[in-house]
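The numbering of the sequence shown is my numbering, which starts it at 69 and goes up by one.
We treat Cβ as the ideally placed atom computed from N, Cα and C, and that holds for glycine.
Owing to the predicted nature of the structure, the values given are computational and were not obtained by experimental measurement.
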Amino acid sequence: MAAQPQLADAAAGQLGHPFACAAMQAFIAAPPCADEAALHQRLRQLRQRVWLAVTARDLAGEADLAEVTATWSALAEVCIAAALDFHHAALAARHGEPRDEHGQPQQMVVVAMGKLGGGELNVSSDIDLVYLYPEEGDTAADDPAASIRPLSSHEFFVRLGRKLTAALGENTADGYVFRVDLRLRPWGDSGPFAMGFAMLEDYLVAQGRPWERYAWIKARPLTGARHDELASIVRPFVFRKYLDFGAFAAIRDLHVQIRREVARREMAHDVKLGPGGIREIEFIAQVFQLIRGGRIAALQQRPTLTVLAELVKNGLMTADAQQELAAAYDFLRRLEHRIQYLDDAQTQLLPDDAESRAILAEAMGFPGYAALLVALDRHRNKVTRHFEQVFAAPQTDQNSHPLTAVCCGTAGAATRALLENAGYGDPERVLSSLDTLRQNTARLAESTQLILNALLPPALEIIGSQRDPQATLERFAALVQAIARRSTYLALLAEYPAALRQLVRLLAASPWAAQMITQQPQLLDELIAPQHLMSVPDWAQLAAQLHDELDAHPGDTEAQMDALRRFKQVQTLRLLAQDVAGRLTLETLSDHLSYLADTLLAETLTRCWTGLKTRHRDTPRFAVIGYGKLGGKELGYASDLDLVFLYDDTDERAQETYARLAQRINTWLGTLTAAGILYETDLRLRPDGASGLLVSSTEAFRDYQLHHAWVWEHQALTRARFVCGDAAIGAIFEALRREILCLPRDAAKLRGEVLSMREKMRAGHLNDTRLFDLKHDSGGIVDVEFCVQYLVLRHCAAHPELADNAGNIALLQRAGAAGLIPADTAQAAASAYRELRRQQHAIKLSGAEYARVPPAAMENVRDAVRALWNTVLGD
Numbered sequence: 069m070a071a072q073p074q075l076a077d078a079a080a081g082q083l084g085h086p087f088a089c090a091a092m093q094a095f096i097a098a099p100p101c102a103d104e105a106a107l108h109q110r111l112r113q114l115r116q117r118v119w120l121a122v123t124a125r126d127l128a129g130e131a132d133l134a135e136v137t138a139t140w141s142a143l144a145e146v147c148i149a150a151a152l153d154f155h156h157a158a159l160a161a162r163h164g165e166p167r168d169e170h171g172q173p174q175q176m177v178v179v180a181m182g183k184l185g186g187g188e189l190n191v192s193s194d195i196d197l198v199y200l201y202p203e204e205g206d207t208a209a210d211d212p213a214a215s216i217r218p219l220s221s222h223e224f225f226v227r228l229g230r231k232l233t234a235a236l237g238e239n240t241a242d243g244y245v246f247r248v249d250l251r252l253r254p255w256g257d258s259g260p261f262a263m264g265f266a267m268l269e270d271y272l273v274a275q276g277r278p279w280e281r282y283a284w285i286k287a288r289p290l291t292g293a294r295h296d297e298l299a300s301i302v303r304p305f306v307f308r309k310y311l312d313f314g315a316f317a318a319i320r321d322l323h324v325q326i327r328r329e330v331a332r333r334e335m336a337h338d339v340k341l342g343p344g345g346i347r348e349i350e351f352i353a354q355v356f357q358l359i360r361g362g363r364i365a366a367l368q369q370r371p372t373l374t375v376l377a378e379l380v381k382n383g384l385m386t387a388d389a390q391q392e393l394a395a396a397y398d399f400l401r402r403l404e405h406r407i408q409y410l411d412d413a414q415t416q417l418l419p420d421d422a423e424s425r426a427i428l429a430e431a432m433g434f435p436g437y438a439a440l441l442v443a444l445d446r447h448r449n450k451v452t453r454h455f456e457q458v459f460a461a462p463q464t465d466q467n468s469h470p471l472t473a474v475c476c477g478t479a480g481a482a483t484r485a486l487l488e489n490a491g492y493g494d495p496e497r498v499l500s501s502l503d504t505l506r507q508n509t510a511r512l513a514e515s516t517q518l519i520l521n522a523l524l525p526p527a528l529e530i531i532g533s534q535r536d537p538q539a540t541l542e543r544f545a546a547l548v549q550a551i552a553r554r555s556t557y558l559a560l561l562a563e564y565p566a567a568l569r570q571l572v573r574l575l576a577a578s579p580w581a582a583q584m585i586t587q588q589p590q591l592l593d594e595l596i597a598p599q600h601l602m603s604v605p606d607w608a609q610l611a612a613q614l615h616d617e618l619d620a621h622p623g624d625t626e627a628q629m630d631a632l633r634r635f636k637q638v639q640t641l642r643l644l645a646q647d648v649a650g651r652l653t654l655e656t657l658s659d660h661l662s663y664l665a666d667t668l669l670a671e672t673l674t675r676c677w678t679g680l681k682t683r684h685r686d687t688p689r690f691a692v693i694g695y696g697k698l699g700g701k702e703l704g705y706a707s708d709l710d711l712v713f714l715y716d717d718t719d720e721r722a723q724e725t726y727a728r729l730a731q732r733i734n735t736w737l738g739t740l741t742a743a744g745i746l747y748e749t750d751l752r753l754r755p756d757g758a759s760g761l762l763v764s765s766t767e768a769f770r771d772y773q774l775h776h777a778w779v780w781e782h783q784a785l786t787r788a789r790f791v792c793g794d795a796a797i798g799a800i801f802e803a804l805r806r807e808i809l810c811l812p813r814d815a816a817k818l819r820g821e822v823l824s825m826r827e828k829m830r831a832g833h834l835n836d837t838r839l840f841d842l843k844h845d846s847g848g849i850v851d852v853e854f855c856v857q858y859l860v861l862r863h864c865a866a867h868p869e870l871a872d873n874a875g876n877i878a879l880l881q882r883a884g885a886a887g888l889i890p891a892d893t894a895q896a897a898a899s900a901y902r903e904l905r906r907q908q909h910a911i912k913l914s915g916a917e918y919a920r921v922p923p924a925a926m927e928n929v930r931d932a933v934r935a936l937w938n939t940v941l942g943d
C-alpha cells in the first residue's frame with residue numbers, strides 16, 4: 069500500500085458498503101484491455117482493491133462472514149469470466165470457434181470445486197477448478213473464406229485452459245489473482261488439462277473413487293452452457309439413489325489420512341485441518357449429503373451452513389448440534405481470515421511470534437492471545453465431540469464378542485451354553501438358522517462378508533433379549549439375506565448400534581413390520597436418528613416437505629409416485645416405532661395415520677390435476693370425500709381407503725374431465741411400482757355403487773342421497789368427511805350430510821333396515837371356529853358401529869349434536885348424556901369398543917389374518933356390547 073497510496077483511498081471509500089459484483093465487472097471492462105498484459109494487470113489491480121476493501125470492512129466489524137466469502141467468491145467468478153472471454157476470443161480469431169456436431173459454437177465450462185464451488189471462498193485462498201467442454205469436434209471460422217489454423221476442440225480448450233490458468237495464477241510485478249489448483253480433475257496431474265463431458269462421465273462411472281464423490285459435492289459450473297447436461301452426469305455419481313452408508317468409512321479413512329499428515333507436519337494448530345477444525349465440520353455436513361442426498365433433494369446444496377440447517381429440518385441433526393457447529397464454523401472461518409490477513413498468505417496455522425498473536429487476538433475481539441485460545445479450544449472441542457459422534461468407528465474386531473464362536477459355526481456344549489445364556493431356549497434351531505444364513509451369504513464380496521461377520525454377534529445378543537428370540541432371529545435372517553448384496557445397509561447397522569437395536573425391536577414386535585422393512589430396506593435409514601424417529605409428527609411441516617420433494621421431479625410421474633410411496637413408508641415406520649415403544653394410544657395412532665392419508669391424497673390430487681393433458685380451468689372444483697375408517701379417522705396400518713369424488717362445476721367438459729381426474733387419482737394410489745402401492749381403494753360407496761359414475765356433481769349427489777339412497781348408505785354417511793380438494797365443495801358436502809342425518813325417520817322401519825343389513829354382514833363373515841372374532845361376531849366391533857349409526861339416524865332430528873363425525877366413543881357418550889341410552893351402558897360400551905379395537909390392533913400387528921381370541925378372554929367386553937345392542941336394537 070506504501071507503493072500504491074491510491075489503494076488506501078479506494079479502500080476507505082469502500083468501507084461503507086460491500087464491494088459489489090457489478091463494480092468489479094465495471095472496473096475490468098472500462099477501458100477495454102488492449103492486450104494480454106493489460107488484462108493481467110487489470111485483474112491484479114482489482115484483486116488488490118477487493119482484498120483491501122474486504123479486509124477493512126471485516127476488521128471494522130462492517131462485514132460478516134457471509135459477506136466476506138460471497139465477495140471473495142464473486143471476485144473469483146468475475147476474474148475467471150473476464151479472462152476466459154478475452155482468451156477465448158483471441159484463440160478463436162486465430163483458430164476459429166470450437167463447434168459441436170451440429171456446427172454450433174461451444175464454450176468452456178469452468179467448474180469451481182471446493183470453497184469456490186460452495187460460494188465460501190476465503191481470502192488468500194487458491195481456487196480448485198476443472199476445465200470441461202460439452203463435445204468433441206473441431207474449430208471452424210464463421211466465414212469459410214477466413215484464413216485460420218484449425219484445431220480439434222480438445223486442443224483449443226487445452227490451450228484456453230492454460231491461458232486462463234496463467235492469467236489468474238502467474239506472479240507478475242502486480243502479484244497474482246488466484247493460485248489455481250487443477251488436481252481435482254480426473255486422473256489428477258496426469259489427466260488431460262481439459263476434457264469433454266463424455267470423458268468425464270466415463271471416468272466417474274468406471275474409475276471415480278469415494279473421495280472424489282466428496283470433492284464433487286461442491287462442484288459448480290461458472291461459465292459456458294449445457295449445465296443441466298453436466299449435472300445429469302455428476303449428480304448420479306455423487307448422490308446415489310440408495311442410501312450409501314459406505315460413505316462413513318470412505319470419509320473416515322480420508323480423515324485419518326489428514327490427521328496423520330497433520331501429525332507428521334506438526335500442524336495441530338491448523339484451524340482448518342487440525343482436530344476440531346473447519347474440515348471436520350465440512351465432513352459432518354458432507355457425509356450426510358453423500359448418504360442421503362440422492363433421496364433428499366434439499367441436501368444437494370453446496371454451502372456448509374445451508375446443509376447443516378437442512379439436516380435439522382429433515383430430523384438428521386439436533387438444533388443444538390447445528391447451532392454449535394455453525395457457531396464454531398463462523399468462529400474458525402473468521403479466525404482463518406485474520407490469520408491470512410497478516411501476510412496475505414494461504415495458511416491456517418496459528419502464528420508463533422508474540423506480535424502476530426497479539427494482533428490476531430485483537431482482530432478477533434479478545435483482550436489477549438490466551439483468551440483467544442480458550443474460546444478456540446471450546447469451539448474445537450465441540451466440533452470434535454460432534455465429529456466423533458457421527459464418525460465413531462464400529463466395532464470391527466468381532467473376535468472380541470462372546471457370541472463370535474456361535475456366528476462362525478463353532479458347535480459344541482460351550483456354544484449351546486452361550487446361546488442359552490443369551491436367552492435362546494432352543495440352541496439347535498438357532499444354529500440351524502445361522503448355518504442357513506451362512507450358506508445363503510457365502511458368495512458375498514469379502515468386504516461385505518467382513519461387515520456381516522462384525523454385525524452378527526451383537527445382533528444375536530440383542531435378539532436373544534426379545535420375547536420370542538427364535539422368531540425374531542428368523543425375521544432378521546430373512547432381512548439380512550434380502551439386503552446382503554447392498555452392503556450399504558449392512559454398513560448402516562454396523563455403524564449404528566442404536567439402529568440395530570431399534571430394528572430388532574420392530575422385527576420382534578411385528579412380522580408385518582419385518583415384511584415392510586425387508587421389502588423396502590431403505591427404511592433402515594430412518595432408524596439412525598432416534599429423536600427424529602420418536603418425535604411427534606408435524607403434519608403441516610411434513611406436507612410442505614413432501615410438496616418440495618414432488619416439485620423436485622416436475623413432469624416425472626414415476627418419480628413422483630415413488631416419492632409419495634416412500635413418504636408413506638417413512639411416516640408409517642415412525643408411527644410404528646412409537647406404537648411399539650408404547651408412546652401412542654390407538655386413537656392417537658389412528659389420527660396420525662388419517663393425517664398421513666389426508667396429506668398423501670391432497671398431493672395426489674394436485675399432481676394428477678397438473679398432469680392432465682386437457683383442463684378447462686387452473687384449479688379443479690373437485691373434492692375427495694373419505695368414508696369408513698378414513699372418514700372416521702380410525703385407519704390402521706394396512707387399511708384401504710373408501711373414497712367418493714364430487715365436483716361442482718357447470719362447464720360442459722366438467723363431467724368428462726373430472727372422471728379422468730378421478731381415474732388418474734385411483735391409478736396413482738393403487739399402481740404397484742418399485743416402491744410398492746400407496747393405498748388399496750374402494751370406490752363402491754359412490755351413488756349407485758360399482759355401476760355408478762366415478763364422479764358425481766354435488767347436485768346429483770344431493771338428489772341421490774335424498775331420493776334414492778339405501779339406509780345403509782345413510783349409515784355410511786355418519787362416518788364420512790371432506791378430505792381434500794375444493795373446500796367450498798367440502799362445506800356443501802358437510803351441510804348435505806347433516807341434512808340427511810337429521811331427517812325424521814320411522815323408528816320401526818329404520819330398525820328393520822339396520823338389522824337386515826347387520827345380518828347380511830354377519831352372513832358374509834362366517835366364523836366356523838370356536839374363537840371369538842373381535843370384529844364380526846356378536847358382541848364385537850361391528851355391533852357397536854351399527855348401534856351408533858342407528859342412534860344417529862334415529863335421533864339426529866331432535867339431537868343434532870349427534871350429526872358430528874366425532875367417532876363412535878364420543879357419540880356413545882353424547883347419546884348417554886342426552887338420555888337416549890343409560891349413561892352407564894354408554895360408558896361401558898365405549899370402554900368395550902376401545903378394548904376391542906386395541907386387541908384387534910395388537911393381533912393384526914402380530915401378523916394374524918383374523919383378529920380372533922378365546923371367548924372367555926373377552927367375556928366382560930362382549931357383555932357390555934350385548935347390553936348396548938339389546939338397549940338400542942333389541943326387542
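When secondary structure is reduced to three states using DSSP, PHE840 falls in the strand class. With fewer than 16 other CB atoms across the displayed protein chains lying within 10 angstroms of its CB, LEU811 is exposed.
Under the 8 Å Cβ criterion, the region 180–200 counts as touching the region 252–264, having at least three qualifying pairs. In the DSSP assignment, GLY738 falls within the unbroken alpha helix (DSSP H) covering 722–738. Assigned with DSSP and collapsed to three states, PHE154 falls in helix. DSSP, reduced to helix, strand and coil, places ARG683 outside both helices and strands of the structure shown, so it counts as coil.
Its chain contains TYR695, GLY696, GLY699, GLY700, ASN873 as the residues whose beta carbon lies nearer than 7 Å to that of ARG787, once the 5 sequence neighbours on both sides are disregarded; these appear in chain order.
Here the alpha carbons of LEU290 and PHE95 stand approximately 20 Å from one another. Comparing alpha carbon positions, the residue from SER759, GLY760, LEU673 closest to THR735 is LEU673.
Within the same chain, ALA582, THR586 come within 8 Å of ALA546 by CB-CB distance, once the 5 residues on both sides are set aside.
Ranked by how close their Cα comes to the Cα of ALA916, the residues ASP168, HIS469, PRO579 have PRO579 in first place.
DSSP places CYS792 within a strand segment (E or B) once states are collapsed to three. Per DSSP, reduced to three states, the secondary structure at ASP211 is coil, with no helix or strand assignment. LEU428 is the residue among ALA910, ALA935, ALA883, LEU428 whose C-alpha sits nearest the C-alpha of LEU403. Counting C-beta atoms within 10 angstroms of its own C-beta, LEU740 has fewer than 16 neighbours from the protein chains shown and is therefore classed as exposed.
Taking C-beta separations shorter than 6 Å and ignoring five residues to either side along the sequence, the partners of ALA336 in its chain run GLY342, following chain order. Close CB contacts of ILE349 within its chain, under the 7 Å cut and outside five residues either way in sequence, are with THR372, LEU393, ALA396, TYR397, VAL451 (chain order). Using a C-beta cut-off of 8 Å, the region 659–668 makes contact with the region 702–712, since at least three inter-stretch Cβ pairs fall below that distance. In chain order, ARG930, VAL933, ARG934 place their CB closer than 7 Å to the CB of GLY847, counting only its own chain and leaving out the 5 sequence neighbours on each side. Of all C-beta pairs linking the region 131–142 to the region 83–99, three or more are shorter than 8 Å, placing the two stretches in contact. Under DSSP, ALA180 takes part in a beta bridge, and its partners are LEU197, ARG288. Cβ-Cβ distances below 8 Å link VAL779 to LEU818, GLU821, VAL822, MET825, LEU861 in the same chain, with the five nearest sequence neighbours on each side left out; the list follows chain order.
Contact check for ASP338 and GLN408: beta-carbon distance about 13 Å, past the 8 Å limit, so the pair fails to qualify. Assignment of ASP321 by DSSP, reduced to helix, strand and coil, places it in the helix class. In the structure shown, ARG554 falls within a coil segment according to DSSP collapsed to helix, strand and coil. If you ignore the 5 residues before and after ALA482, its C-beta comes within less than 8 Å of the C-beta of ALA473, all in its own chain and listed in chain order. Residue THR556 holds the alpha-carbon nearest to the alpha-carbon of LEU518 among SER501, THR556, GLU496. In this structure, DSSP gives ASP249 an extended state, which the three-state scheme calls strand. In the DSSP annotation of this structure, ALA777 is not part of any alpha helix (DSSP H), being labelled neither H nor E. Contact between MET432 and LEU440 holds: their C-beta atoms lie close to 6 Å from each other, under 8 Å.
Taking ALA896 as reference, the option from GLY532, ILE911, LEU880, GLY887 with the minimal CA-CA separation is LEU880. Here HIS156 is not near ALA235, since their CB atoms are 8 Å or more apart. Your pair CYS475 and LEU502 checks out as a contact, with CB atoms roughly 6 Å apart and the cut at 8 Å. DSSP places SER221 inside the alpha helix (DSSP H), whose first and last residues are 221–237. DSSP, reduced to helix, strand and coil, places ALA758 within a helical segment of the structure shown. CA-to-CA, the gap between ASP194 and ASP445 works out to about 27 Å.
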